Amino acid sequence: MRRKFFTVAILAALVMTVTAAQAGERFKLGFTSEIDSNYHKGAIRFQELVAEYTGGEIIIDVFPASQLGSERDLIEGTSLGTVEMCISSSGPLSNFSSDFMVMDLPYLVTSREKLFTTLDGPIGQQILATLEPANLKGMGFWENGFRCLTNNRAPIESPSELAGMKIRTMENPIHQYTFNNYGATAVPMAWNEVFIAMQQGVIDGHENAINSIWAAKVYEVQKYLSLTFHFYSPAILLMNNDLYNSLSDKHREQINRAAFEAMNYERQYSADIELQLIDELKKKGMIVVEVDVEEWKKASAKVYEEFRDKIKPEYMKAFIGE
Ligand code: EAX
């Protein structure tokens with residue numbers, strides 16, 4: 002009887018040991034966009050690929066919809082290591098590295114293909130490297146998207162119609178300046194505060210990528226969508242840099258491979274679904290307003306005058322050839 006007891010005990014211990022080994026390390030990945038957003042689709046793909054490539058030795062736990070805080074909270078948390086990873090749009094990152102400011106310029110991006118060639122090349126990698134003094138490892142540029150304008154007061158076609166309107170922007174100096182220059186009052190606000198602010202009329206409108214507007218059900222609290230496409234915002238997958246450097250060579254290669262493949266998947270998903278989501282927003286009752294983009298570009302010229310000397314010339318040349 003005693004022999005049988007010991008046999009069972011040893012087997013149980015063995016099973017627990019194997020299970021513990023397979024459980025592996027767990028990394029939290031936080032972001033602000035909601036479930037079914039482009040960030041969420043990419044994060045789930047990243048989670049699947051990391052589990053596959055590491056054989057379950059590293060597990061990514063995904064936390065959407067600002068569960069772990071705003072984008073600024075997430076960037077700070079990843080820098081401190083209280084969160085292992087996050088996805089943040091480039092907007093708040095300019096507060097951690099001014100090298101990101103170039104990406105915030107209105108109407109900077111004319112084509113995703115040209116943009117990603119720049120971001121995936123030496124210039125983009127140089128910009129990501131400027132985050133390392135903040136203990137952040139940039140692991141690739143995903144897509145937040147081309148950003149448009151919603152509001153509850155009128156079908157906005159021209160910048161001048163924004164006079165007197167309170168429009169939420171990200172916490173980003175160029176975004177705020179751009180909308181103040183259009184004649185609005187820019188209200189910088191973290192994403193997790195925006196829906197209720199629109200619902201309560203604290204702000205008249207906001208600007209965001211189509212994917213985010215859809216995933217957050219903005220159509221429930223906003224009437225008009227103006228297709229301005231005024232900013233293109235990338236989104237950066239970030240890891241705590243100390244953690245990244247502590248990984249084994251094998252795990253680092255596997256994580257990098259998963260990040261690269263998830264990035265390409267997310268970019269493609271986000272671009273492919275954009276037009277369909279605009280139709281879906283119409284079906285949900287939003288009045289979609291086409292605008293004369295050239296008029297908005299002209300109204301944005303002052304932003305370049307104001308910020309050009311704060312941006313490295315090699316970045317201006319890389320992104321707009323001048
Ligand atoms: O998904 O704060 C913002 O406008 C960003 O686009 C955020 O990621 C929302």
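Residue 2 is where the sequence shown starts when you use the working numbering, and the numbers rise one by one after that. Even for Gly, the Cβ is constructed at its ideal location relative to N, Cα and C. As the structure is a prediction and not an experimental result, all values here were calculated from the model.
The ligand EAX heavy atom lying under 7 Å from the CB of residue i
i: N173; result: no
i: N153; result: no
i: E72; result: yes
i: G92; result: yes
i: N181; result: no
i: W192; result: yes
i: N96; result: no
i: S213; result: yes
i: N246; result: no
i: T131; result: no
i: A210; result: yes
i: T79; result: no
i: T229; result: no
i: S234; result: yes
i: S161; result: no
i: S99; result: no
i: S271; result: no
i: N145; result: yes
Residue i to residue j span [Cα, whole Å]
i: A191; j: Q200; result: 15 Å
i: E262; j: G57; result: 18 Å
i: T79; j: E114; result: 29 Å
i: S213; j: N39; result: 8 Å
i: S217; j: M317; result: It should be noted that the sequence gives Ala, not Ser, for residue 217. About 33 Å.
i: D250; j: T55; result: 12 Å
i: L211; j: D105; result: Reading the sequence as shown, one finds Ile at residue 211 and not Leu. Approximately 17 Å between the Cα atoms of the pair.
i: S95; j: I60; result: 30 Å
i: V84; j: N182; result: 37 Å
i: L248; j: E26; result: 11 Å
i: P156; j: L278; result: 19 Å
i: I274; j: R46; result: 17 Å
i: E281; j: F308; result: 36 Å
i: V222; j: V188; result: 17 Å
i: S89; j: I124; result: 19 Å
Cutoff 7 Å; reference residue i; Cβ partners in own chain excluding five residues on either side
i: N193; result: T33, S67, S71
i: T1; result: In the structure as shown, the chain begins at 2 and stops at 323. Residue 1 is therefore absent and cannot be evaluated.
i: T18; result: At T18 the pLDDT is 41, less than 50, meaning the model places this residue with poor confidence and gives no usable figure here.
i: I321; result: L109
i: A198; result: R169, M190, I204
i: Y220; result: L282, K285, G286, M287
i: I128; result: D100, F101
Range of the contiguous alpha helix (DSSP H) that encloses residue i
i: L29; result: According to the sequence as given, residue 29 is Lys; it is not Leu. No alpha helix (DSSP H) holds K29; the beta strand (DSSP E) holding it covers 26-31.
i: T55; result: 39-55
i: L109; result: Taken as a continuous stretch (DSSP letters only), L109 belongs to no alpha helix (DSSP H), as it is neither H nor E.
i: E267; result: 250-284
i: E77; result: 72-81
i: T179; result: 174-183
Other residues of its chain near residue i: CB distance less than 6 Å, five sequence neighbours each side excluded
i: T186; result: K167
i: Y108; result: K298, S301
i: N356; result: Because the chain here runs from 2 to 323, residue 356 falls outside it and cannot be looked at.
Any chain B beta carbon closer than 8 Å to residue i
i: T118; result: Among the chains in the structure shown there is no chain B, since it carries only a single protein chain.
Same chain, Cβ closer than 8 Å to residue i, five either side skipped, listed in chain order
i: L69; result: K29, G31, L75, G78, V84, C87
i: R73; result: P93, N96, E172, A191
Start-to-end residues for the beta strand (DSSP E) that takes in residue i
i: T170; result: 167-170
i: Y233; result: 225-241
i: V63; result: 59-64
i: K218; result: Note, K218: premise wrong, no beta strand (DSSP E); not H, not E.
Exercise. Could you say if the stretch 226-241 and the stretch 291-305 meet the contact criterion of at least three C-beta pairs nearer than 8 Å?
Key: Touching, yes.
Practice problem: Give a yes or no on contact between the stretch 246-256 and the stretch 276-287, applying the rule of three or more CB pairs nearer than 8 Å. | Solution: Output reads no: the stretch 276-287 does not touch the stretch 246-256.
Self-check item: Any 3 or more C-beta pairs closer than 8 Å across the stretch 168-186 and the stretch 302-319
Solution: Here the stretch 168-186 lies against the stretch 302-319, with 3 or more beta-carbon pairs under 8 Å apart.
Quiz item: Between the stretch 152-162 and the stretch 265-283, do three or more beta carbon pairs fall short of 8 Å?
Solution: In this structure the stretch 152-162 does not touch the stretch 265-283; the number of beta carbon pairs closer than 8 Å is below three.
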